[in-house]
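One structure below.
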Amino acid sequence: MSRVPTYISGQVQISQMLDIQSRLNDSQTQVNTEKKSQDYAGIATDSFRLISFENQSSRIERYSANNGVAKIRLDTMQNSVNSSQKSLQEYKALLLDFAARDYNDMSQEDTKALDSIRAQSFTAMKDLQYYLNTSVDGRYLFSGGKTDVPPVEMPWGNVDEFADVYDGTNTVFPETRAANLADVDFSARTVDMTNQTVGGTSYGTIEDTSGVAADTFITGSPLTSDSFGKLLINPTIPSDSTKGSIVSDQPNAFSGLSVGMTFFLDDDNAVENTGGTAVTDRQSGIYTITDISSDGKTMTIVPPPAGTGGTTAQIPSTAGAEIRLTAPEGARISVKNSAGQNEDYTIHWPTNADLTAAGYDLTTDLIDGKKLFVSPPFAPSSTGYGTTQNNVTISASSYYQGDTLQLTHRVDDTRTVTLGINALDPAFEKAFRGLGIMAQGVKMDSSDPTKVDAAEMRRRVDTALDLVNDALQHSTSSSEEPSDLVGLGYRLGSNQKVLQNSIDEAASFRAFLDNRVTDMENVNMLDAVTRMNDDAQALEVSYSAMSKISKLSLLNYL
Numbered sequence: 026m027s028r029v030p031t032y033i034s035g036q037v038q039i040s041q042m043l044d045i046q047s048r049l050n051d052s053q054t055q056v057n058t059e060k061k062s063q064d065y066a067g068i069a070t071d072s073f074r075l076i077s078f079e080n081q082s083s084r085i086e087r088y089s090a091n092n093g094v095a096k097i098r099l100d101t102m103q104n105s106v107n108s109s110q111k112s113l114q115e116y117k118a119l120l121l122d123f124a125a126r127d128y129n130d131m132s133q134e135d136t137k138a139l140d141s142i143r144a145q146s147f148t149a150m151k152d153l154q155y156y157l158n159t160s161v162d163g164r165y166l167f168s169g170g171k172t173d174v175p176p177v178e179m180p181w182g183n184v185d186e187f188a189d190v191y192d193g194t195n196t197v198f199p200e201t202r203a204a205n206l207a208d209v210d211f212s213a214r215t216v217d218m219t220n221q222t223v224g225g226t227s228y229g230t231i232e233d234t235s236g237v238a239a240d241t242f243i244t245g246s247p248l249t250s251d252s253f254g255k256l257l258i259n260p261t262i263p264s265d266s267t268k269g270s271i272v273s274d275q276p277n278a279f280s281g282l283s284v285g286m287t288f289f290l291d292d293d294n295a296v297e298n299t300g301g302t303a304v305t306d307r308q309s310g311i312y313t314i315t316d317i318s319s320d321g322k323t324m325t326i327v328p329p330p331a332g333t334g335g336t337t338a339q340i341p342s343t344a345g346a347e348i349r350l351t352a353p354e355g356a357r358i359s360v361k362n363s364a365g366q367n368e369d370y371t372i373h374w375p376t377n378a379d380l381t382a383a384g385y386d387l388t389t390d391l392i393d394g395k396k397l398f399v400s401p402p403f404a405p406s407s408t409g410y411g412t413t414q415n416n417v418t419i420s421a422s423s424y425y426q427g428d429t430l431q432l433t434h435r436v437d438d439t440r441t442v443t444l445g446i447n448a449l450d451p452a453f454e455k456a457f458r459g460l461g462i463m464a465q466g467v468k469m470d471s472s473d474p475t476k477v478d479a480a481e482m483r484r485r486v487d488t489a490l491d492l493v494n495d496a497l498q499h500s501t502s503s504s505e506e507p508s509d510l511v512g513l514g515y516r517l518g519s520n521q522k523v524l525q526n527s528i529d530e531a532a533s534f535r536a537f538l539d540n541r542v543t544d545m546e547n548v549n550m551l552d553a554v555t556r557m558n559d560d561a562q563a564l565e566v567s568y569s570a571m572s573k574i575s576k577l578s579l580l581n582y583l
């Protein structure tokens, strides 16, 4: 044998060259990808932190994307509120001009102005409907949780169609929130519909004659002494002798009620004077709420209750007294599936004094919720008048078609914002109510049907102005619910700011995380290229050395 290198030395050289070749391949991959490794094993010491940073960055990216979508919705809602505010301000200026006119002797110009303000009122209502029925990505923004349903329904195409329903005389547009938002459905009832004169006024009466105790015109569950405790019944209040009040000894006893609601009070024949001695003066009757105190303990009511001897009476907490809600005064109801009374009517409750004078015993009659009083009265010649009719439906529905669900949006792991602004908000409801009062038909003077009822027109204009003003900016002296378009704008603006700040903060933090991830994943290109060149040169020398060594022979030295 004349060969100098041995098998073992050759294998060692080949192994070393393969190591250099592997390092070169790694260096080439690092230079091409700018990454230290193609898997986490290659950066084992940093892999835990790297995965944590990547997951955190991905989560922030998802939050940021969702916040961007939510901000688009908030921006759209803000635009709708701003547009509604602008429309109401323009309308208010028109109404103020009309308010300066004399309604006692309407000239031709005044009559044109009246027609114009009614048309403008209806146009403003349709504008509000358009703004509140705004949708983004197929989601209605002011419908609460029912995002697939337009929140505002106004089926009338013009002011004349609106006045066909609300003629301003027989069917009057609701003037309280409770009446405007009345949502009742008394279906498939057995009823008698006839007329009755009470206190000199002719009413239509709808009486349930089914004999079924549960078939009443009571809405929801009654309030009992378990919730309101002891009641003080005041026959007058200091500021207004035409109103009385009911005071509970329990905080927030009446917070679930609202101004305009009508209820039956059943005193359970347990009335006492304030000393705790039983009296015979009964307080049962039909009342409508005109105000509720901020602590929810006191509600002002009309008509004033009797009290006892002109002073305060009480109903102890041990009595079985109940407050039962019914269709509110001034609400519009629709009668359907009757023989000849399928029309729209307005709920009108006679006073307790007039009902008593008409022969009703309010301790037993009416407070069971078996009868409604409406106007206009029914036509005596109509089919089915005064006879028992089956499967009749009496219902009322408001303009609002959404629900009361308060949508929330999660900004990040620790923060949420409430997007709970819907078309049911008092700011919008007051606006619709004020506009509807002016858009309805005109009530004419009963003594001269060719003239406008000047006093009623003045009252309607003043009421509408108060409502529009309160919708724009709530007055602390108003008994209306405290919400306005200015406040809604602030709430939306605050949420917009939270989302924008979150988006900006997320972008900054993601940039920081991405930089840290880059530091852990990426190679220093100068170092990587230097190593690659070194490895390439070493491999080239190794191949050259091996080639020379393999050619060595002992014969060369003989």
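With our numbering, the residue at position 133 of the sequence shown is 158, and numbering never jumps. Just so you know, even glycine gets a beta-carbon here, dropped at the ideal spot from N, CA and C. Quick caveat, the model's predicted, so the values are computed rather than measured.
1. Any chance the segment 343–357 sits against the segment 276–294, with 3 or more Cβ pairs inside 8 Å?
2. In the structure shown, what three-state DSSP assignment does residue 512 receive?
3. Which residues in the same chain have their Cβ closer than 6 Å to the Cβ of residue 364, if we skip the five residues on either side of it in sequence?
4. Just the Cα atoms here: how many angstroms apart are residue 442 and residue 319?
5. Over what stretch of residues does the alpha helix (DSSP H) that includes residue 172 continue unbroken?
6. Measure the C-alpha to C-alpha separation of residue 531 and residue 167 and round it to an integer number of angstroms.
7. Return the first residue and the last residue of the alpha helix (DSSP H) that residue 185 is part of.
8. In or out: residue 447 buried (at least 16 other Cβ within 10 Å) or exposed?
9. Nearest CA to the CA of residue 421: which residue from 361, 143, 378?
10. Measuring only the C-alpha atoms, how far is residue 201 from residue 80?
11. For residue 584, which residues of its own chain have a beta-carbon under 7 Å away from its beta-carbon, when the five flanking residues on both sides are left out?
12. With a Cβ-Cβ cutoff of 9 Å, do residue 245 and residue 427 count as a contact?
13. Hey, which unbroken runs of the alpha helix (DSSP H) at 4 residues or more fall wholly within the segment 103–173?
14. Which word fits residue 325, buried or exposed, when buried means at least 16 other C-beta atoms lie within 10 angstroms of its C-beta?
15. When the Cα atoms are used, what is the spatial distance from residue 515 to residue 102?
16. Within its chain, find whatever has a CB closer than 6 Å to the CB of residue 149; leave out the 5 residues flanking it on each side and keep chain order.
17. Tell me, please, which residues DSSP counts as bridged to residue 298.
18. Considering only their Cβ atoms, is the gap separating residue 439 from residue 195 smaller than 9 Å?
19. Using only alpha-carbon positions, find the residue among 388, 358, 469, 455 that is nearest to residue 12.
20. Please state whether DSSP places residue 461 in a helix, a strand or coil.
21. Which runs of the beta strand (DSSP E) spanning at least 3 residues fall entirely within the segment 430–511, listed in chain order?
22. Among residues of its own chain, excluding the 5 on either side of residue 392, which ones have a beta-carbon nearer than 6 Å to its beta-carbon?
23. Whole-angstrom Cβ separation of residue 7 and residue 229, contact assumed at under 8 Å?
24. Please tell me whether residue 517 and residue 99 are closer than 9 Å, where the distance is taken between their beta carbons.
25. First and last residue of the beta strand (DSSP E) that includes residue 259?
26. Can you tell me which of the three DSSP states residue 39 falls into?
27. Pick from 251, 151, 237: whose alpha carbon is nearest that of residue 187?
28. Starting from residue 416 and walking both ways along the beta strand (DSSP E), at which residues does that stretch end?
29. Just to confirm, is the Cβ distance from residue 184 to residue 464 under 9 Å?
30. Could you give the C-beta distance for residue 524 and residue 436, rounded to a whole number, given that I count them as a contact under 8 Å?
31. Measuring straight from C-alpha to C-alpha, what distance separates residue 337 and residue 136?
32. Specify, as a first and last residue, the run of the alpha helix (DSSP H) that residue 278 falls within.
33. If you follow the beta strand (DSSP E) that residue 323 is in, where does it begin and where does it stop?
34. Whether or not the segment 489–498 and the segment 450–457 are in contact is what I'm after, with contact meaning three or more pairs of Cβ atoms, one per stretch, closer than 8 Å; do they touch?
35. Would you check if the distance between the CB atom of residue 327 and the CB atom of residue 312 is smaller than 9 Å?
36. Could you tell me the alpha carbon to alpha carbon distance between residue 161 and residue 182, rounded to whole angstroms?
The short version:
1. yes
2. helix
3. 408, 409, 414
4. 26 Å
5. Where residue 172 is concerned, there is no enclosing alpha helix (DSSP H), given that its DSSP letter is neither H nor E.
6. 28 Å
7. 184–190
8. buried
9. 361
10. 54 Å
11. With the chain covering 26 to 583 only, the question about residue 584 has no answer from this structure.
12. no
13. 133–157
14. buried
15. 12 Å
16. 112, 116, 460
17. 338
18. no
19. This structure cannot speak to residue 12, because the chain is shown only from 26 to 583.
20. helix
21. 433–435, 441–443
22. 289, 291, 309
23. As displayed, the chain neither begins before 26 nor continues past 583, which places residue 7 out of reach and without an answer.
24. yes
25. 256–259
26. helix
27. 151
28. 413–421
29. yes
30. 7 Å
31. 50 Å
32. Residue 278 -> no alpha helix (DSSP H), and no H or E assigned at all.
33. 323–327
34. yes
35. yes
36. 25 Å
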